[in-house]
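Colleague:
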Amino acid sequence: MIPEIGHFSLALALAFAIVQGVLPILGASRGNVVWMQSAQPLAMVQVIFVGLAFAALMRSFVVSDFTVLNVVENSHSLKPMLFKIAGTWGSHEGSLLLWVLILAVFGAGVAVFGSNIPAETKARVLSVQAWISVGFLSFLLFTSNPFVRVFPPPANGNDLNPLLQDIGLAMHPPLLYFGYVGFSIVFSFAVAALLEGRVDAAWARWVRPWTLAAWMSLTAGWWFWDPVENVSFMPWLMGTALLHSAIVTEKRDAFKSWTILLAILTFSLSLLGTFIVRSGLLTSVHAFAVDPERGLYILGLLGLSIGGSLALYAWRAPEMEGGGLFRPVSREAGLLLNNLILAAATGTVLFGTLYPLLLEALTGDKISVGPPFFNAAFVPMMLVLVLFMGIGPFLSWKRADIGGVLQRVRFVALLCLAATLMLWYVQTGAPVLAYVAVAAALWLLFATLREWALRIKLFDAPLSESARRARALPRASHGMTLAHAGLAVVILGMVGSSAWKSEEIAFVRPGDRIEIAGFEVLFEGVEKRRGPNYLADQGRLKVWRNGSYVTTLFPERRSYPVTRSTTTES
Numbered sequence: 010m011i012p013e014i015g016h017f018s019l020a021l022a023l024a025f026a027i028v029q030g031v032l033p034i035l036g037a038s039r040g041n042v043v044w045m046q047s048a049q050p051l052a053m054v055q056v057i058f059v060g061l062a063f064a065a066l067m068r069s070f071v072v073s074d075f076t077v078l079n080v081v082e083n084s085h086s087l088k089p090m091l092f093k094i095a096g097t098w099g100s101h102e103g104s105l106l107l108w109v110l111i112l113a114v115f116g117a118g119v120a121v122f123g124s125n126i127p128a129e130t131k132a133r134v135l136s137v138q139a140w141i142s143v144g145f146l147s148f149l150l151f152t153s154n155p156f157v158r159v160f161p162p163p164a165n166g167n168d169l170n171p172l173l174q175d176i177g178l179a180m181h182p183p184l185l186y187f188g189y190v191g192f193s194i195v196f197s198f199a200v201a202a203l204l205e206g207r208v209d210a211a212w213a214r215w216v217r218p219w220t221l222a223a224w225m226s227l228t229a230g231w232w233f234w235d236p237v238e239n240v241s242f243m244p245w246l247m248g249t250a251l252l253h254s255a256i257v258t259e260k261r262d263a264f265k266s267w268t269i270l271l272a273i274l275t276f277s278l279s280l281l282g283t284f285i286v287r288s289g290l291l292t293s294v295h296a297f298a299v300d301p302e303r304g305l306y307i308l309g310l311l312g313l314s315i316g317g318s319l320a321l322y323a324w325r326a327p328e329m330e331g332g333g334l335f336r337p338v339s340r341e342a343g344l345l346l347n348n349l350i351l352a353a354a355t356g357t358v359l360f361g362t363l364y365p366l367l368l369e370a371l372t373g374d375k376i377s378v379g380p381p382f383f384n385a386a387f388v389p390m391m392l393v394l395v396l397f398m399g400i401g402p403f404l405s406w407k408r409a410d411i412g413g414v415l416q417r418v419r420f421v422a423l424l425c426l427a428a429t430l431m432l433w434y435v436q437t438g439a440p441v442l443a444y445v446a447v448a449a450a451l452w453l454l455f456a457t458l459r460e461w462a463l464r465i466k467l468f469d470a471p472l473s474e475s476a477r478r479a480r481a482l483p484r485a486s487h488g489m490t491l492a493h494a495g496l497a498v499v500i501l502g503m504v505g506s507s508a509w510k511s512e513e514i515a516f517v518r519p520g521d522r523i524e525i526a527g528f529e530v531l532f533e534g535v536e537k538r539r540g541p542n543y544l545a546d547q548g549r550l551k552v553w554r555n556g557s558y559v560t561t562l563f564p565e566r567r568s569y570p571v572t573r574s575t576t577t578e579s
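Residue 10 is where the sequence shown starts when you use the numbering used here, and the numbers rise one by one after that.
See the structure below:
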């Protein structure tokens, strides 16, 4: 009965989404206050029904209800509870239901927390968001129903893909989804602004918290160069450009049409990623479906939403130009350069991701575009971006004194050079580009801290005065400092873990020792271990450094009898 309740809840959510897509936007065009105000309760009802459906599916996984086909294909009674719950979004149907739930959550968030948004604007935003929900709810109900029953039910399930039975991969999809689905509400704000024909500083302030929420989630979710991971990385790059562009719109009433375009393109890249992952174009542990018919449905949604929004942009954007003028050396110019580099970087990743697919479709030839291409094409652009990121916060609006800026960062440049030379002296043997990347990261880190110190007059005023100034700084200033310093730390981690890693392959017997990178590793042996739904050969490695015991490692090779597959756990 619970699965039927979940299925019926989805149908009701679709019905309410259709009403929400029509009534408020008609009210905004006719000035009907009651119709406009209906958007808020409709958004709340929609999120309640989608939430009920998601809870019903999760309950089916938790209790191992093998009358539900989705549970049969992605769960097992012996699976740990965490991965039973993760199975809720570990399939095409379940992950799509999570997608729809996040869509509804962001719509409800604007309905609840958007009290400072004018009624007409809120009505249009929630109507556009509802039409996105209509598209994906209909896709879910008509092609990917997660509540399909199977009779007679099997005694047990087929188990979740063992590669996904890891705490990191269990949390990975929700983080990514919250990110690139979250950009849907920014897209809705952009389309609403085009319909109204008005973008101003207030609009930029309304958009910023939602953009930040989605961007932060994507920041926590992206991992490495992989075609399917790239489809999450591209919205992050474009979303970063959007964040910076919206600042100019808010502070200087400039970049208005460009900010709107970035909002459209960011969500468009999210939709493109959804098409790639669910169309069968790519076969990957990250991909959820290999059904071309489903891909055609999403391709239709993609064409309608992207094509429609870009057509609307082409019609209305010319009316939105204007704003403050600025000199080539100014904060506006720095943020514009930031946007151009990020857009070029996004295009590079997009080309590297789609080129093998296009080549195979046109010629039948199969090629792989991997880390060597991305590192060669992407990294140089990022080094230039990092260089200007260190200078940008020192620039003033409209017109900056380049001599004064260079004077303030002179000490930073010297400190960065000294630290890099010291690293080269202590740790040689890495490629030249690694030292350049470390220098860029240190430059960004020291410049960011220097700019923050100047803001609060650290060392130039009594400590109590600096503390008072730090408390009085806007939260956005602290956010910029944390984000820029965080990127510097990420770059240091990426470079260090690749340029200075040590690897040695050896055949050993119990009692053998290996020395590597200043560590001594003792292989004590292997023992059999039984997990909840797997059998494992578990190794035991004791680690010393400079004669002192450090830790004991337990790598495993796991065998899953149900899926007849093997994984390794480091």
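Backbone N, C-alpha and C fix where the C-beta goes; we use that ideal spot for every residue, glycine too. What you are looking at is a predicted structure, and each value in this text was computed from that prediction instead of being measured.
Name the two residues that bound the continuous beta strand (DSSP E) containing THR576.
Modeller: Residue numbering aside, residue 576 sits at position 567 when the sequence shown is read from its first letter. Element bounds for THR576: 574 to 578.
Colleague: Taking 8 Å as the CB-CB limit, is THR275 close to chain E?
Modeller: Here there is only one protein chain, and chain E is not present.
Colleague: Closest to PRO381 by C-alpha separation, out of GLY361, LEU366 and PRO244, would be which residue?
Modeller: Counting from 1 along the sequence shown, the entry for residue 381 is found at position 372. When each option's Cα is compared against that of PRO381, the closest is GLY361.
Colleague: For a quick check, are the C-beta atoms of SER277 and MET329 less than 8 Å apart?
Modeller: To locate residue 277, count along the sequence shown from 1; it is residue 268. To locate residue 329, count along the sequence shown from 1; it is residue 320. Result no, Cβ atoms of SER277 and MET329 do not sit closer than 8 Å.
Colleague: Within its chain, find whatever has a CB closer than 7 Å to the CB of ALA199; leave out the 5 residues flanking it on each side and keep chain order.
Modeller: What you label residue 199 is simply residue 190 of the sequence shown in a count that begins at 1. Once the five neighbours on either side are set aside, the close Cβ partners of ALA199 are ILE269, ALA272 and ILE273.
Colleague: Cα separation between VAL358 and LEU544?
Modeller: Taking the first residue of the sequence shown as 1, we reach residue 358 at position 349. Taking the first residue of the sequence shown as 1, we reach residue 544 at position 535. Answer to the nearest angstrom: the Cα atoms are 40 Å apart.
Colleague: For SER293 and ASN384, I'd like the C-alpha separation in whole angstroms.
Modeller: For the purposes of this step, residue 293 is identified with residue 284 of the sequence shown, where counting begins at 1. For the purposes of this step, residue 384 is identified with residue 375 of the sequence shown, where counting begins at 1. Low confidence applies to SER293: its pLDDT is 49, below 50, so where it sits in the model is not reliable enough to give any reading.
Colleague: What span of residues does the beta strand (DSSP E) with ILE11 cover, start to end?
Modeller: Start at 1 with the first residue of the sequence shown, and residue 11 comes out as number 2. From DSSP, ILE11 is part of no beta strand (DSSP E) but of the alpha helix (DSSP H) over 11 to 39.
Colleague: So, using beta-carbon positions, are PRO182 and LEU66 closer together than 8 Å?
Modeller: Position 173 of the sequence shown, counting from 1, holds the residue named residue 182. Position 57 of the sequence shown, counting from 1, holds the residue named residue 66. No.
Colleague: Where in the segment 382 to 436 do unbroken runs of the alpha helix (DSSP H), each at least 4 residues long, occur, reported from the N-terminal end onward?
Modeller: The qualifying runs are 411 to 435.
Colleague: According to DSSP, is LEU467 helix, strand or coil?
Modeller: On the sequence shown, position 458 is the one that residue 467 refers to. LEU467 falls in the coil class under three-state DSSP.
Colleague: Quick check: ARG453 and MET398, are their CB atoms within less than 8 Å of each other?
Modeller: Walking along the sequence shown from the start, residue 453 turns up at place 444. Walking along the sequence shown from the start, residue 398 turns up at place 389. This sequence places Leu at residue 453; Arg is not what is there. Going by C-beta atoms, LEU453 is nearer than 8 Å to MET398.
Colleague: GLN55 lies in the beta strand (DSSP E); which residues open and close that run?
Modeller: Within the sequence shown, the letter at position 46 stands for residue 55. Not the beta strand (DSSP E): GLN55 falls in the alpha helix (DSSP H), residues 48 to 71.
Colleague: Taking DSSP as the reference, what is the three-state secondary structure of VAL77?
Modeller: Residue mapping note: residue 77 aligns to position 68 of the sequence shown, counting from 1. VAL77 falls in the strand class under three-state DSSP.
Colleague: Determine the closest residue to VAL237 out of VAL378, GLN55 and ILE523, with distance taken between C-alpha atoms.
Modeller: Along the sequence shown, one-based indexing puts residue 237 at 228. Per the Cα distances, VAL378.
Colleague: Look at SER241 and GLY248 and say whether their C-beta atoms are less than 8 Å apart.
Modeller: In the sequence shown, counting from the first residue as 1, residue 241 sits at position 232. In the sequence shown, counting from the first residue as 1, residue 248 sits at position 239. No, they are not a contact pair.
Colleague: Counting pairs of beta carbons, one from the segment 26 to 45 and one from the segment 74 to 87, are three or more of them closer than 8 Å?
Modeller: As far as the Cβ criterion goes, the segment 26 to 45 does not touch the segment 74 to 87, which means the pair count is below three.
Colleague: Consult DSSP for TRP245 and reduce its assignment to one of helix, strand or coil.
Modeller: For the purposes of this step, residue 245 is taken as the residue at position 236 of the sequence shown. In the structure shown, TRP245 sits in a helix (DSSP, three-state: H, G or I).
Colleague: Excluding sequence positions up to five away, which residues of its chain have a Cβ less than 6 Å from the Cβ of ARG133?
Modeller: Sequence index remark: in the sequence shown, residue 133 carries index 124 (1-based). So the list reads ILE34, ALA37, ALA201 and LEU204, once near-sequence residues are dropped.
Colleague: CB-CB under 8 Å to TYR558, same chain, minus the five flanking residues each way: which ones, in chain order?
Modeller: Counting from 1 along the sequence shown, the entry for residue 558 is found at position 549. Within the same chain, TYR558 has close Cβ partners LYS551 and VAL552.
Colleague: Alpha carbon to alpha carbon, how far is ALA428 from LEU61? Give it in angstroms, no decimals.
Modeller: On the sequence shown, position 52 is the one that residue 61 refers to. On the sequence shown, position 419 is the one that residue 428 refers to. Taking the straight line from one Cα to the other gives about 56 Å.
Colleague: How many whole angstroms separate the CB atoms of PRO564 and SER574, which I take to be in contact at a CB cut-off of 8 Å?
Modeller: Within the sequence shown, numbered from 1, the residue matching residue 564 stands at position 555. Within the sequence shown, numbered from 1, the residue matching residue 574 stands at position 565. Not confirmed; about 18 Å, so no contact.
Colleague: Can you give me the start and stop residues for the beta strand (DSSP E) that PHE532 sits inside?
Modeller: Reading the sequence shown from its first residue, position 523 is the one you call residue 532. Run containing PHE532: 528 to 539, per the beta strand (DSSP E) assignment.
Colleague: At a cut of 8 Å, does the segment 348 to 355 reach the segment 417 to 433 through at least three beta carbon pairs?
Modeller: The answer is no - the segment 417 to 433 does not touch the segment 348 to 355, with fewer than three Cβ pairs under 8 Å.
Colleague: Quick check on the DSSP output: the alpha helix (DSSP H) that includes ALA508 runs from which residue to which?
Modeller: Locating residue 508 in the sequence shown gives position 499, where the first residue counts as 1. Taken as a continuous stretch (DSSP letters only), the alpha helix (DSSP H) holding ALA508 covers 484 to 508.
Colleague: Go ahead and pull the three-state DSSP assignment for VAL517.
Modeller: Within the sequence shown, the letter at position 508 stands for residue 517. Residue state, collapsed to three classes: coil.
Colleague: For LEU105 versus LEU149, is the C-beta distance shorter than 8 Å?
Modeller: Translated into positions along the sequence shown, residue 105 becomes position 96. Translated into positions along the sequence shown, residue 149 becomes position 140. Yes, the pair counts as a contact, with Cβ atoms nearer than the cut-off.
Colleague: Taking the beta carbon of GLY316 as the centre, do at least 16 other beta carbons fall within 10 Å, making it buried, or is it exposed?
Modeller: The residue given as residue 316 occupies position 307 in the sequence shown. When all chains shown are included, GLY316 counts as exposed.
Colleague: Considering only their Cβ atoms, is the gap separating ILE256 from VAL338 smaller than 8 Å?
Modeller: For the purposes of this step, residue 338 is identified with residue 329 of the sequence shown, where counting begins at 1. For the purposes of this step, residue 256 is identified with residue 247 of the sequence shown, where counting begins at 1. Going by C-beta atoms, VAL338 is not nearer than 8 Å to ILE256.
Colleague: How close, in whole Å, do the beta carbons of VAL530 and ARG518 come, if the pair is a contact with beta carbons under 8 Å?
Modeller: Counting from 1 along the sequence shown, the entry for residue 530 is found at position 521. Counting from 1 along the sequence shown, the entry for residue 518 is found at position 509. At roughly 14 Å, the Cβ-Cβ gap does not stay under 8 Å, so VAL530 and ARG518 are not in contact.
Colleague: Are the CB atoms of GLY333 and ALA263 within a distance shorter than 8 Å?
Modeller: Here residue 263 refers to the residue found at position 254 of the sequence shown. Here residue 333 refers to the residue found at position 324 of the sequence shown. Yes, the pair counts as a contact, with Cβ atoms nearer than the cut-off.
Colleague: Excluding sequence positions up to five away, which residues of its chain have a Cβ less than 6 Å from the Cβ of HIS295?
Modeller: In the sequence shown, residue 295 corresponds to position 286, counting from 1. Because the pLDDT at HIS295 is just 49, under 50, the model does not fix this residue reliably, and the value given afterwards should be weighed accordingly. For HIS295, where only same-chain residues beyond five positions count, the Cβ hits under 6 Å are VAL237.
Colleague: Tell me, which residues are paired with PHE191 by DSSP?
Modeller: Residue mapping note: residue 191 aligns to position 182 of the sequence shown, counting from 1. The question names Phe, but residue 191 in the sequence shown is Gly. Looking at the DSSP assignment, GLY191 forms no beta bridge with any residue, so it has no partner.
Colleague: Measuring only the C-alpha atoms, how far is ASN125 from THR152?
Modeller: In the sequence shown, residue 125 corresponds to position 116, counting from 1. In the sequence shown, residue 152 corresponds to position 143, counting from 1. Those two C-alpha atoms are separated by around 39 Å.
Colleague: Quick check on DSSP: helix, strand or coil for SER254?
Modeller: Locating residue 254 in the sequence shown gives position 245, counting from the first residue. SER254 falls in the helix class under three-state DSSP.
Colleague: So, at 7 Å on beta carbons, what are the nonlocal neighbours of LEU368 in its own chain, with the 5 sequence-adjacent residues on each side left out?
Modeller: Here residue 368 is taken as the residue at index 359 of the sequence shown, counted from 1. Same-chain partners within the cutoff: ASP374 and ILE376.
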